[in-house]
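Structure first, then comments.
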Amino acid sequence: MNIWVLLLAVAVLVAVQRYLVIRVALPGIRYERRLSRKTACTGESIELVETLRNPRPVFIPWLRVESRISPYLRFGRQENLDVTGERYHRSVFSLAPFQQVRRRHQVTLTRRGVYDVGTVALTAGDLLSASSAGTDMRFDCKVTVYPALLGDEEMKSVLPYARNVGDMIVETRRMQDPFLVCGIRPYEAGDPPRDIHWSATARTGQMQVKVHDYTADTKLLVVLNGQLRPDQWGNVMDYEEDILEDGISLAATMMTSVLRTGSAAGFASNMPFLNEEGCALILPMAGMGREEEVLMRLAQLRIHQERSILNCLEELGTLRDLDIVILSAYDADPEMEERMQYLRLLNRSVTLVRLHKRGGKQA
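Mapping to the working numbering: the sequence shown position 16 is 20, numbers consecutive.
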């Protein structure tokens, strides 16, 4: 008789505890997650901060927090943390009444892109794990990872036959800068009155004019070919993406180098930006904040061939007076060379640069 009473008491306790955890405690759980930074560069580390609060006077034996994480967000090893196949992130908590728990996870960003880690599934269970219940939550928790900028050695690996970025940007037209004065000289017929140096004229007794220095008027457009072969269409295989990622990093390096000199730089590709269709295009412009804007847009570039490179080059026929550098995994075929020749008639220069796999091997 005592055994039956004991079993009945245990069953009642389990049922009550299950009811309290699933019906009372779980709906009251307060969970938040945030990232320490909204933007970062490839190779940097950020923090993913999870905060759990149990506002009810009920003990929760276990609570599992799950979310799908890109394999390019690499978590450090940590107790009570499981990352399955580098894709599913699981944290397990045990919460006392009115307890708040905060965990910080170090995350290394290994590839450029826009990563959303805001979808979360919460699952709570009773002490014996005989039953459980869950709920889904959604947070605004995204990080934009800028492409890596290449150093000199990395540039040689991707472009083994190029000495530096400047070698890929051909010599451009030079023009006098009205704000750069490098000396004075005697007045000559045809010199504009605005160039007269009145102080030097009064000092020497002869008409003197300012001598202006020259500046390069660079307007760079980097075109990245998303095709690895002339007959390729659609998506590339995962193992083929590395050469295009190197191309994006190279484009970012070239553009930021030009922008830092005060010149204009832009980008085009037959791959689309995130949530957009058609060829990607960033018109060549200069100015404050332009560098970060370019890196942001390149982070949003999708590795997916939207159109052929021939169509992309044809659309660029509306642009004029640019220095165009085409980054491609293969040499130009006759059709591509025809498009390039047409662009040369409208612009200052058109140069094709062959991309290589790391180590200098051809794609």
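C-beta atoms are modelled at their ideal positions from N, C-alpha and C, and glycine is treated no differently.
Between the segment 286–293 and the segment 239–255 there are fewer than three C-beta pairs closer than 8 Å, too few to call the two in contact.
Judged by beta-carbon spacing, R72 lies beyond the 8 Å limit of T112, meaning their Cβ atoms are not closer than that value. Measuring C-alpha to C-alpha distances from N279 to each of I286, T265, R306 identifies R306 as the nearest. Ranking K223, N274, I247, R233 by CA distance to the CA of T265 puts K223 first. Comparing alpha-carbon positions, the option among L30, G194, C45, S74 lying closest to R57 turns out to be L30. Classified as buried, N229 has 16 or more neighbouring CB atoms from the shown chains inside 10 Å of its CB. In the three-state reduction of the DSSP assignment, G251 falls in the helix class.
Only buried fits P276, as 16 or more other CB atoms lie within 10 angstroms of its CB. Bridge pairing for G230: absent [DSSP].
Here DSSP, grouped into helix, strand and coil, assigns R198 to helix. Just so you know, the alpha carbons of S203 and R352 end up roughly 40 Å apart. For V298, the enclosing alpha helix (DSSP H) has its first and last residue at 294–303.
Shown here, A272 sits in a strand according to DSSP, grouped into three states. Contact check for R343 against L323 fails: the beta carbons are separated by 8 Å or more. Per DSSP, I328 is not a residue of any alpha helix (DSSP H); the beta strand (DSSP E) it occupies stretches across 327–332. Spanning the alpha carbons of V215 and L225 requires a straight line of approximately 32 Å. Put simply, the backbone Cα of A269 is about 8 Å away from that of T260. Assignment of Q309 by DSSP, reduced to helix, strand and coil, places it in the strand class. A straight line joining the alpha-carbon of I328 with that of D195 spans about 35 Å. Taking the C-beta atoms as reference points, G138 is found no nearer than 8 Å to Q110. Between R60 and P101 a beta carbon distance of about 7 Å is seen, short of the 8 Å cut, so the two are scored as contacting.
Burial state of R207 is exposed, judged by a 10 Å Cβ sphere holding fewer than 16 other Cβ atoms.
Between R68 and R108, the gap from beta carbon to beta carbon reaches 8 Å or more. Between Y150 and R116, the CB-CB gap stays under 8 Å. Closest in alpha carbon position to G155, among T257, V227, Y76, is T257. Measuring C-alpha to C-alpha distances from G187 to each of A193, I33, V213 identifies V213 as the nearest.
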